[in-house]
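For reference, the structure is listed below as C-alpha cells.
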Amino acid sequence: EALLQEADEAIGPFNVYNFYDNCGDSNQAHATHAAHAAHAAQAPQLRSLLQHAQRLGTSAAPLPSTGGQEYPCGTGHAATVWANSAAVRQALHVRPEAFYGRPWSLQAGAGMQYTTYTGASYDLYPGLLQHIDVLIYNGDVDACVPYSSNADWVDALAQQQGYAQVQPWRPWRLRTVPAGYVTIYAAAAHTLTFLTVKESGHMVPQYQPERAFTFFSRWLEGKPFIGP
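The UniProt record's numbering puts the sequence shown at residues 1 to 228.
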C-alpha cells in the first residue's frame, strides 16, 4: 500500500480515461475516483485494475482545479446538460419516469442489479462474426482500456476464427491528416476491423467528435477507411 501511494505521488494526477487531459487536484477528481470505486464494487474482478486509478489526482498539484482547461478534468458536464435538456429528452422519446425520475447523470445506472460476466467477449464475438461484420475501436490515450490490449485481443480472435489480415496496420486520415490506425481481417463474407482514434480517450465521440463521426460514417456506408 505504501509503495502504491508513493507511485501515485510520483505520477501525479491524471484522468485514467484520457491521460493527456490536464488534471489538477479538485473535488471533481475525487468524484471521478468515487465513481471508479462504485464500478469496482459492482464488478470485483476489476478492483485490482482500478485500484491504482482510484487514488490518482489526490495529491497536490500546482495546476488549478480545471488543469488550465475550461472544464474540470474528466468532467461529463456538457453531456449531462445536453441529456437533461427537455428538447433532447423529447426528441429521444425519454419518458419522464426514466432514471428513476431523477435527472440523467454519468452514473445513472448506479444501483442497477445485474450480473457481470467477463467471458462475454470470448463467447459472444465468435458467434457475431459468423453473421455480421465487426468493428472494434479504441482511443489511443485511454489508460483504462489501453488500445494495445485490444489490438492483441482482436489479433488473437482473428487467428482463432481463421481470419486472415487483408489490410495491414496503416494510418487512416481525415483531410490528409492521420486520425488513427486501422487493420482489417477477413474470412468468407465478413470482416473484423480494429481501429484506433488518435488523441482520443475512452469515450471517443466525446473527445474526438469529428473523427468519431468520420470513421462511423465510413463504416456504416461501407466506404474504405484508407483512401480518398
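Backbone N, C-alpha and C fix where the C-beta goes; we use that ideal spot for every residue, glycine too.
Terminal residues of the beta strand (DSSP E) in which residue i lies
i, result
"Gln159", "That residue, Gln159, is in no beta strand (DSSP E); its alpha helix (DSSP H) goes Tyr147 to Gln160."
"Tyr207", "Counting along the chain, Tyr207 falls outside any beta strand (DSSP E), though it belongs to the alpha helix (DSSP H) covering Val204 to Tyr207."
"Val134", "Val134 to Gly139"
Buried or exposed by the 16-neighbour rule on C-beta atoms within 10 Å, applied to residue i
i, result
"Val81", "exposed"
"Leu3", "exposed"
"Trp172", "buried"
"Thr193", "buried"
"Ser88", "Sequence inspection shows Val at residue 88; the Ser mentioned does not correspond to that position. Label assigned to Val88: exposed."
"Tyr185", "buried"
"Leu129", "buried"
"Thr183", "buried"
Continuous alpha helix (DSSP H) stretch holding residue i: start and end
i, result
"Val94", "Here Val94 belongs to no alpha helix (DSSP H), and DSSP marks it neither H nor E."
"Leu129", "Ala120 to Leu129"
"Ile11", "Ala2 to Ile11"
"Gly16", "Rather than Gly, the amino acid found at residue 16 in this sequence is Val. Neither: Val16 is in no alpha helix (DSSP H) and is coded neither H nor E."
"Ala98", "Taken as a continuous stretch (DSSP letters only), Ala98 belongs to no alpha helix (DSSP H), as it is neither H nor E."
"Trp82", "His77 to Ala83"
For residue i, the nearest candidate out of the options (CA to CA)
i, options, result
"residue 230", "Pro205, Lys223 and Leu195", "Residue 230 falls outside the range modelled here, since the chain spans only 1 to 228, and no answer is possible."
"Pro146", "Phe225, Phe215, Pro224 and Val204", "Val204"
"Leu106", "His131, Ala79, Ile11 and Thr115", "Ala79"
"Ala143", "Ala186, Lys223 and Gly201", "Gly201"
"Arg211", "Asn138, Thr118 and Gln161", "Asn138"
"Tyr20", "Gly222, Lys198, Ser217 and Ile226", "Lys198"
One or two residues paired with residue i in a DSSP bridge
i, result
"Gln165", "Tyr185"
Exercise for review: Return the chain-ordered ranges of every beta strand (DSSP E) run that is complete within the segment 170 to 200 and spans a minimum of 3 residues.
Suggested key: 177 to 187 and 190 to 197
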